[in-house]
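Okay, structure first, notes after.
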């Protein structure tokens, strides 16, 4: 192969090596200081913050818990394609192409850092270094060098086997940098530290421990959602591309704003308070009728009204505004502190909160959707006003108030059935109100009242089931719930935006002999 052909072949590969070398160094720097920001995560966060509501909803509906992984993979795919193009143009035209593309990507990530959550000038350093490293490595691999003629400074010298050796060295270098980045990254170390710390946490006994859970009907009704959703199966919806790893030993909760006495609490301070247990169902406003973005758990924590009363809420405050360590914000009315079991939670189903669900602390507020209340990895609570501060989702078109809609769901049966007696079963919820009745209809038949499972709390969902002897053919089942106020679910189909979906859940099955 002639020199031109060798150069063309090396170009795209060199581009990949160069750009990912820059990212490896940037991630190493990011791990060394809490002030630095990852270029990739910063761009990803800005993308999440900027996309329209319909695209967010589509991503959640399509990818579910994997939406963040899909986005990160997509970002790396785009970076890879840009790297291939940069390497090709740098090898076949001019080194300035590689320099320019590296600078453009660096500038994009700098902009993402400065305009993103918790942006700072220190945070842009990894993005700048990534661009410089990428440009230098690309020139090195392709053998760009200055000649005596200033006008020839960006031309490519004839590559030889030394160019290939340079590429091999660069490949080894980027692999080594990646390994160093992972090994020394403070983020990785924090993850290990948090895992060890969680395993060592011993909770004091709750001041008001709840009774032992009743026998779970799901144990005898295959396919029915369990009374308590296992932590590993609990839905996750948030804006964090990378799960914050917060060490409880370094964590602090600040309470301020329109209060008489601001407070700063440590994790040990919270453990020393009167802890309470709360059985509560929480759900995402993006949960479609019949969806699985809902779960029930036994939470442990400090009552929010007690916590805030210690600071003294001033009369002009009408919003409880909370902020996460990653910059996410949300707010709900002060009037929600109406005696309901709202808590600063530190435990979930008998263990410390998993990092995925907000360790070391998060808010749980029964009766309102998570987008206005359930702040994970919480670091501050401000008493403020709705005309002075808006939570993350409000400028993006969602309602400022988010009361949970009374809902029900059919869990089973699914797919194909035999003509033999079976059970239709599911769950229904109206947190902070309670469920009093669930009815089921098959095709256009009469509505039949289902048997309800135990009511461990008005904040929790209730399981329900009803016997059914299906007839051959295609059958459509639907359910509706009635809550403790006497309200029965409306059949009107309303989408999730801006404040939660409504409608009856329907499920189609095929019955055969």
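Residue numbers (our numbering): 522 to 1034. Backbone N, C-alpha and C define an ideal beta-carbon position, used for all residues, glycine too.
Environment of residue i [buried if 16+ CB atoms lie within 10 Å]
i: residue 548; result: buried
i: residue 772; result: buried
i: residue 590; result: exposed
i: residue 904; result: buried
i: residue 908; result: exposed
i: residue 830; result: exposed
i: residue 575; result: exposed
i: residue 661; result: buried
i: residue 724; result: exposed
i: residue 573; result: exposed
i: residue 797; result: buried
i: residue 884; result: buried
i: residue 937; result: exposed
i: residue 993; result: exposed
Three-state secondary structure (DSSP) of residue i
i: residue 631; result: helix
i: residue 565; result: helix
i: residue 668; result: With a pLDDT of only 37 at residue 668, under the threshold of 50, the placement of this residue in the model should not be trusted; the figure read from the coordinates follows. DSSP places residue 668 in coil when its eight states are reduced to three.
i: residue 552; result: helix
i: residue 894; result: coil
i: residue 559; result: coil
i: residue 1013; result: coil
i: residue 901; result: strand
i: residue 861; result: coil
i: residue 643; result: helix
i: residue 943; result: strand
i: residue 638; result: coil
i: residue 953; result: coil
i: residue 1040; result: Any property of residue 1040 remains undetermined from this structure, which presents the chain solely from 522 to 1034.
i: residue 855; result: helix
i: residue 618; result: helix
i: residue 534; result: helix
i: residue 1031; result: strand
i: residue 716; result: helix
i: residue 738; result: helix
i: residue 721; result: helix
i: residue 917; result: helix
i: residue 879; result: coil
i: residue 925; result: coil
i: residue 816; result: strand
Same chain, Cβ closer than 6 Å to residue i, five either side skipped, listed in chain order
i: residue 974; result: 738, 983, 984
i: residue 914; result: 892
i: residue 607; result: 536, 619, 622
i: residue 799; result: 820, 862, 864
i: residue 748; result: 737
i: residue 849; result: 760, 913
i: residue 569; result: 760
i: residue 786; result: 774
i: residue 951; result: 927, 1004
i: residue 794; result: 823
i: residue 580; result: 588
i: residue 811; result: 930, 1026
Range covered by the beta strand (DSSP E) that runs through residue i
i: residue 773; result: 773–778
i: residue 485; result: An answer regarding residue 485 cannot be provided, because it is not within the stretch 522 to 1034 covered by the chain.
i: residue 787; result: 784–787
i: residue 826; result: Counting along the chain, residue 826 falls outside any beta strand (DSSP E), though it belongs to the alpha helix (DSSP H) covering 825–830.
i: residue 803; result: 797–804
i: residue 928; result: 928–933
i: residue 884; result: 883–885
i: residue 841; result: 840–845
i: residue 985; result: 983–989
CB-CB length for residue i against residue j, believed under 8 Å
i: residue 637; j: residue 566; result: 5 Å
i: residue 1010; j: residue 996; result: Actually they are not in contact, since the Cβ atoms of residue 1010 and residue 996 sit about 21 Å apart, beyond 8 Å.
i: residue 972; j: residue 906; result: With a Cβ gap of about 47 Å, residue 972 and residue 906 do not count as contacting.
i: residue 946; j: residue 964; result: Not confirmed; about 18 Å, so no contact.
i: residue 1015; j: residue 1024; result: 7 Å
i: residue 651; j: residue 560; result: 5 Å
i: residue 949; j: residue 959; result: 5 Å
i: residue 816; j: residue 755; result: 4 Å
For residue i, the first and last residue of its enclosing alpha helix (DSSP H)
i: residue 597; result: 588–613
i: residue 648; result: 646–663
i: residue 575; result: 574–584
i: residue 1005; result: Premise fails: residue 1005 is in no alpha helix (DSSP H) and is neither H nor E.
Cut-off 8 Å between Cβ atoms - residues of its own chain near residue i, not counting five sequence neighbours on either side
i: residue 563; result: 630, 633, 634, 637, 644, 648
i: residue 744; result: 932, 933, 934, 935, 946
Sequence-distant residues of the same chain with beta carbon closer than 7 Å to residue i, five excluded per side
i: residue 855; result: 834, 838, 839, 840, 841
i: residue 764; result: 876, 877
Minimum Cβ-Cβ distance from residue i to chain D less than 8 Å
i: residue 962; result: No chain D appears in this structure, which consists of one protein chain only.
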